[in-house]
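Here is the structure we will look at, set down as structure tokens.
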């Protein structure tokens, strides 16, 4: 299975995302924002970073990139797409996911190991988890507050489109403690915390077992492999 | 050059953390007559001439790219004074 990772000007977690793909057992493919070519990949990751300096709104200019037209078309055909942090912001600006992301309610940039509860374990990127499972992955953002109007929130909650919720502490003022959402079809998922930073013992979050031993993020990437095999 | 001004504000019902931080700073200075601050954006679009067509295009741009309707409202699209 080949998983594309798009690099935008300002991306900084693209190599980490490609490494996570490789550790999960798939082949990572580097994609460039200015191309129209998805190189026939089976899934796509929009990594974290600060695309185009986020001049207008986070992700707004990136959402107009040539490759995003291809990403939107592929998502419509059911190709799995994961947006992490800035990638999540790009997905909402591209209208592939509902809602919006605004500056953290306390105004500070936050970097911490964050506990999340998996609310939807049937998406392309979460099928290796169980519903209600608590996972720990790193979070680092300044504009991670998830918002949506009351009607959209009600729909997200009612139709199981809340994929992840913050547990213990809400780090950015997100409504309903929402950390990540999915589209109705379950192939597009976006979240603010960074699963690609919790894929290898020695580099991930601390756990009760040992320091830096957390690898909960790897399940995102093994899930998409499983989902792709099921589709084939 | 003829200029069209587009003004965008965060939706009134949403938290504006930047405005809140400025309001907090004013309060610390004892400027108690200012009770709230909200921060928006002003875009100045230079055009060849101001016509109904360029104004309509600016309105479309304002809704489509310059603002995000989920979090912001376009409050003005007008020829510069």
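Protein chains in written order, with our numbering: chain A, -16 to 215; chain B, 3 to 83. The C-beta atom is built at its ideal place from N, Cα and C for all residues, glycine as well.
- Spatial neighbours of residue 116/A in its own chain (CB-CB distance under 8 Å, excluding positions within 5 residues in sequence) are listed in chain order as 100, 101 and 104.
- Collapsing the DSSP output to three states places residue 47/A in a helix.
- Listed in chain order, the positions of the stretch 63 to 79 of chain A with a beta carbon within less than 8 Å of a beta carbon of chain B are 75 and 76.
- Residue burial annotation: residue 34/B is exposed, with fewer than 16 other C-beta atoms found within 10 angstroms of its C-beta.
- Pairing residue 208/A with residue 7/A gives a Cβ-Cβ distance under 8 Å.
- Relative to residue 16/B, the option among 82/B, 65/B, 40/B and 62/B whose CA is nearest is 40/B.
- DSSP places residue 95/A in the strand class (E or B) of the three-state scheme.
- Neighbours of residue 86/A across chain B, judged by C-beta separation under 7 Å: 19 and 20.
- Across the set 51/B, 21/B, 5/B and 75/B, the C-alpha of 75/B shows the shortest separation from the C-alpha of residue 11/B.
- Neighbours of residue 16/B across chain A, judged by C-beta separation under 8 Å: 85 and 130.
- Between the beta-carbon of residue 22/A and that of residue -13/A there is about 6 Å, and that keeps the pair under the 8 Å contact cut.
- The DSSP assignment places complete alpha helix (DSSP H) segments of no fewer than 4 residues inside the stretch 97 to 163 of chain A at 133 to 141, in order along the chain.
- Short of 6 Å from the beta carbon of residue 149/A, and not among the five residues preceding or following it, lie these beta carbons of its own chain, in chain order: 160 and 162.
- Non-local beta-carbon contacts of residue 174/A in its own chain, meaning distances under 7 Å to residues more than five positions away in sequence, involve 67, 71, 146, 147, 162 and 163 in chain order.
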